[in-house]
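Following the UniProt record's numbering, the numbering of the sequence shown begins with 1 at its first residue and continues without gaps.
Even for Gly, the Cβ is constructed at its ideal location relative to N, Cα and C.
Only one structure is covered here, and it is reproduced in the block below.
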Amino acid sequence: MDGVADEASAEDELKRKFREALDRKRQAQSDRNGKGARGSSKIHGTHEAAGGKRSFRRKSGG
1 MDGVADEASA
11 EDELKRKFRE
21 ALDRKRQAQS
31 DRNGKGARGS
41 SKIHGTHEAA
51 GGKRSFRRKS
61 GG
């Protein structure tokens with residue numbers, strides 16, 4: 001039984017370390033952007049429709 005408990009505690013420890021690293025990464029990104037985790041996207045504004053109507057042409061021959 002101790003082997004199973006040791007594996008579970010080792011797994012929990014690994015998960016805890018990953019969560020801490022992820023929290024540090026998120027904190028560093030929010031500090032860098034000065035905005036926080038939300039709104040840190042590199043995409044600003046929406047993509048507008050291109051001018052003019054699209055025309056599709058069928059490929060001809062070989």
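- Query: So does Arg-58 have its beta carbon nearer than 6 Å to some heavy atom of the ligand SAM?
  - Reply: Within the structure as shown, the ligand SAM is missing, as the structure has no ligands at all.
- Let me know the secondary structure DSSP gives Lys-25 once reduced to three states. helix
- Give me the Cα-Cα distance between Ala-10 and His-44, rounded to the nearest whole angstrom. 43 Å
- Message: DSSP three-state label for Lys-53, please.
- Response: coil
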